[in-house]
Ligand code: MN
Ligand code: MN
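Numbering (our numbering), first residue to last: 1425 to 1874.
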């Protein structure tokens, strides 16, 4: 039987939905930009910034932003918050090349920048493609300078060079993990000499930075500048049934879960959409899912509604809460069938995919959702005509991975992974099926409405 759902869903709506998503991808290439644009969309849907001096009531829609890199949206429901909340959680950081704290150097009279890759990448995929430089520089006085070079039609881009095949005999003999080292990922930054003959090419670049962006070389130290693919999100395929873009892991789930909470009407349970940072490097830090930020915001929601607060309120709320960890999974790829097992793989265009567990080496590093909760989610999806499938993250002992699910489950919250299958995951150009994207939206919405 065909797993392909295209003939069972509303094609026009599905195609239409991806247009907003494509725009979201183009405007959200870093966690800071994604936070900013997500808040803009939420404000248009009536969300306001949370204010602890205002008592929250049913129907209120608020958000709290964490250090410009992560944000939580909440829609207050009818039910007492202590009876639990419905959470959809995704992450908005993606693999990329970060500039090192001392990035600038000159070699062979070329200005170069050194990078340190962020997240799991196949390094060769990041050479000889156009890259944009995006990020924020914070000066000693606290002033913030936003940098974005490469996104506009006429703007310069950057690139990490690769070796010509003619001279690559030695390189080609190496394994893929040895052929490119992290220290080889240096990007071309400029070559114009200064008018002043005593100054180097690098000096001239520093002068240009000062003129155009008003910061000094030392300011690189307190900056978060990243090189990300410069190309735009595209329709893919003769029938335009896929979206191809940078950063779909996990902005595909961020967008669909955000759209779902923005479109919610009078939910019974308080619904929460969490867009987290730092998943690709282990969810650590003040803006990652392991941060107390999430708990703190929920504590505020409780205090604001109950009038008072104690720790047991928070713990009871968590114990009664439910979460979909919205993160992408591996799509079953005709070119790489051997790493997946056909009966437990996520087919492209076969619907949103639930993963009872992720992890590696015998389910290590996963929360492994409770069967009772999987049954509950399955029922919600079936009742609401959400097309879904279930899969594992590749064959047993082939490798593996994790998501934010385990960290939320550790709070004593029922949590299940549920996301869109992706081809070429973590590559500069990732592929998702529009049918699965739209089903993600319907799935997250049905879950929160329940
Ligand atoms: Mn992910
Ligand atoms: Mn990832």
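No residue lacks a Cβ here, since even glycine has one placed at the ideal position from N, Cα and C.
Note: residue 1570 is bridge-paired with 1560 in the DSSP secondary-structure output. By the beta-carbon neighbour count (other beta carbons within 10 angstroms, threshold 16), residue 1426 is exposed. Assigned with DSSP and collapsed to three states, residue 1806 falls in helix. Nearest Cα to residue 1506 within the set 1651, 1665 and 1729: 1729.
For residue 1529 and residue 1578, the gap between their C-alpha atoms comes out near 26 Å. The straight-line gap separating the alpha-carbon atoms of residue 1708 and residue 1457 is approximately 20 Å.
Annotated as distal: residue 1769 and residue 1829, with beta-carbon spacing of 8 Å or more. Between residue 1514 and residue 1459, the gap from beta carbon to beta carbon reaches 8 Å or more.
C-alpha of residue 1625 to C-alpha of residue 1790: approximately 50 Å in a straight line. Residue 1858 and residue 1683 have their alpha carbons spaced roughly 15 Å apart. Summarising the contact set, residues whose Cβ lies nearer than 5 Å to any heavy atom of ligand 1 are, in chain order, 1673, 1674 and 1751.
Pairing residue 1649 with residue 1557 gives a Cβ-Cβ distance under 8 Å. When the five nearest sequence neighbours on each side are left out, the beta carbons in the same chain lying within less than 6 Å of the beta carbon of residue 1535 are those of 1613, 1614, 1625, 1626 and 1629, in order along the chain.
A Cβ-Cβ separation of about 4 Å places residue 1685 in contact with residue 1697 under the 8 Å criterion. Classified as exposed, residue 1706 has fewer than 16 neighbouring CB atoms from the shown chains inside 10 Å of its CB.
Distance from the C-beta of residue 1704 to the nearest heavy atom of ligand 2 is below 7 Å. Here DSSP, grouped into helix, strand and coil, assigns residue 1798 to helix.
Between residue 1776 and residue 1860, the C-beta gap is smaller than 8 Å, which places the two residues in contact. For the pair of segments examined, the stretch 1631 to 1647 was found not to touch the stretch 1817 to 1831: the number of CB pairs separated by less than 8 Å stays below three. In the structure shown, residue 1519 adopts coil according to DSSP, grouped into three states.
Under the DSSP assignment, residue 1739 falls in the alpha helix (DSSP H) whose first and last residues are 1735 to 1743. Distance between residue 1469 and residue 1687, taken at the CA atoms: about 8 Å.
Residue 1782 sits close to residue 1826, with the two beta carbons spaced by under 8 Å.
Distances from the CB of residue 1590 to the heavy atoms of ligand 2 are all 7 Å or more. When DSSP reads this structure, residue 1779 sits in a beta bridge with 1841. The Cβ-Cβ distance between residue 1797 and residue 1867 does not fall below 8 Å.
Contact between the stretch 1480 to 1494 and the stretch 1717 to 1735 is present: 3 or more CB-CB pairs across the two stretches fall below 8 Å.
With a 10 Å radius around the Cβ and a threshold of 16 neighbouring Cβ atoms, residue 1840 comes out buried.
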